[in-house]
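Student:
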Amino acid sequence: MDQYLEVFIKVVEKQNFTKAAEELHMTQPAVSQHIRTLERLVGTRLLERNNKHVRMNKAGEIVYHHAKEILALYTRMQDLVDDLAGSASGPIAIGASYTFGEYILPHIIAKLKKEYPLIKPSIIIHNTKEIIDLVNSYQLDIGIVEGYFNDPQLHSEVVSEDQMVIVASPSHPLLKKNGDLPLSALADETWILREEGSGTRQAADHFFEMHPFTPKAIMEFGSTQVIKESVEAGLGISLLSKWTIVKELTNGYIGMIRVEGLPFKREFTIVTRSVYQTKALNTFIETLKEYLNPGLIKESGEE
Numbered sequence: 006m007d008q009y010l011e012v013f014i015k016v017v018e019k020q021n022f023t024k025a026a027e028e029l030h031m032t033q034p035a036v037s038q039h040i041r042t043l044e045r046l047v048g049t050r051l052l053e054r055n056n057k058h059v060r061m062n063k064a065g066e067i068v069y070h071h072a073k074e075i076l077a078l079y080t081r082m083q084d085l086v087d088d089l090a091g092s093a094s095g096p097i098a099i100g101a102s103y104t105f106g107e108y109i110l111p112h113i114i115a116k117l118k119k120e121y122p123l124i125k126p127s128i129i130i131h132n133t134k135e136i137i138d139l140v141n142s143y144q145l146d147i148g149i150v151e152g153y154f155n156d157p158q159l160h161s162e163v164v165s166e167d168q169m170v171i172v173a174s175p176s177h178p179l180l181k182k183n184g185d186l187p188l189s190a191l192a193d194e195t196w197i198l199r200e201e202g203s204g205t206r207q208a209a210d211h212f213f214e215m216h217p218f219t220p221k222a223i224m225e226f227g228s229t230q231v232i233k234e235s236v237e238a239g240l241g242i243s244l245l246s247k248w249t250i251v252k253e254l255t256n257g258y259i260g261m262i263r264v265e266g267l268p269f270k271r272e273f274t275i276v277t278r279s280v281y282q283t284k285a286l287n288t289f290i291e292t293l294k295e296y297l298n299p300g301l302i303k304e305s306g307e308e
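Residues 6 to 308 in my numbering are what the sequence shown spells out, letter by letter.
1) Assign M215 to one of three DSSP states: helix, strand, or coil.
2) Since I262 and L179 are thought to touch, with beta carbons under 8 Å apart, how far apart are those beta carbons, to the nearest angstrom?
3) Looking at P268 and K252, is the spacing between their C-beta atoms short of 9 Å?
4) Buried or exposed: where does P187 fall if 16 or more other Cβ atoms within 10 Å of its Cβ makes it buried?
5) With distance defined between alpha-carbon atoms, name the residue in Q8, M82, E53, T104 nearest to Q207.
6) I'd like to know if the stretch 193 to 205 and the stretch 229 to 245 are in contact, where contact means that at least 3 CB-CB pairs between them fall below 8 Å.
7) Span of the alpha helix (DSSP H) holding I14?
8) Drop a sphere of 10 angstroms on the beta-carbon of G227, count the other beta-carbons inside from all chains shown, and report buried for 16 or more, exposed for fewer.
9) Do you know offhand how far E225's Cα is from S235's?
10) Among the candidates I14, K24, F273, whose CA atom is the shortest distance from the CA of V150?
11) Could you give the C-beta distance for L145 and G100, rounded to a whole number, given that I count them as a contact under 8 Å?
12) By DSSP's criteria, S243 is part of a beta bridge. Which residues make up the other side?
13) Going by other Cβ atoms of all chains shown within 10 Å of its Cβ, with 16 needed for buried, is I223 buried or exposed?
14) Roughly how many whole angstroms lie between the Cα atoms of Y143 and I114?
15) Name the two residues that bound the continuous alpha helix (DSSP H) containing L254.
16) Nearest to I136 by CA position, among T288, K284, E66, G106, is which residue?
17) Could you please give the first and the last residue of the uninterrupted beta strand (DSSP E) stretch that includes E225?
18) When burial is assigned at 16 or more other CB atoms within 10 Å of the CB, is K57 buried or exposed?
19) Just checking my contact of N132 with S203 at CB under 8 Å: how many whole Å lie between their CB atoms?
20) Within the continuous beta strand (DSSP E) that includes I129, where are the two ends?
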């Protein structure tokens, strides 16, 4: 059954029997036979065919969604069985929201690969909502996101704090003010923020609610790098993680505006769906915690 599902997924994603056959190293008639057999087993037609493309019907969408989960669970089961006789090795599917994935995760992966070369991580960077959805559907072994999520289907653990500050162009007049400014002093500024669904945007909205404060003008971008470039160019100000602006602060490309109530702290959280974890996944989690909290890890291991 799992082979029929693998072929079905490939046909759906390639939208073409011939292209799917090439990737699967099968003949096109063999692929067609697998699809017919799966449709017979399920009891209904799954694909709509024409001369150029194939597309899922409603039944096909249901089968595709569950096929991805079934194959992910099958792979995880096999990895857990293999773990019984070996050391930390094998694949890990890791997802991370943009701040963590672009500015912190590469350093953790480099450390992991150096110490455990048999572990093979694959990485997806997306906004927080998408990462949560992929973990929930078993398409990721672990997600690292901004904020804390109390989802009954997920196992969540806060692993570190993140400090967020307000940044502006180095020529911005508010950088020259002495002392901490009230947030109301920034009421007329244009705020450059991430899109809805982003953990960074969620933190900004929460910060505004706490004070309370409503920006008069907001520009939205789907990339932290674009936001930093826009701030440097003088388009507006932003609330960003300190992790993301280390190079810019060091080189004087942007500056931090001193504001009451800052730095604003949020949390980095790891989320998993399965109760059972492979040695590779456990090793990754230990490496991540050690990188983020080296002093804490050392203290907990002392006698």
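Glycine included, C-beta positions come from ideal geometry on N, C-alpha and C.
Tutor: Let me lay it out:
1) helix
2) 5 Å
3) no
4) exposed
5) T104
6) yes
7) 7 to 19
8) exposed
9) 11 Å
10) F273
11) 4 Å
12) V172
13) exposed
14) 21 Å
15) 251 to 256
16) G106
17) 222 to 226
18) exposed
19) 5 Å
20) 124 to 130
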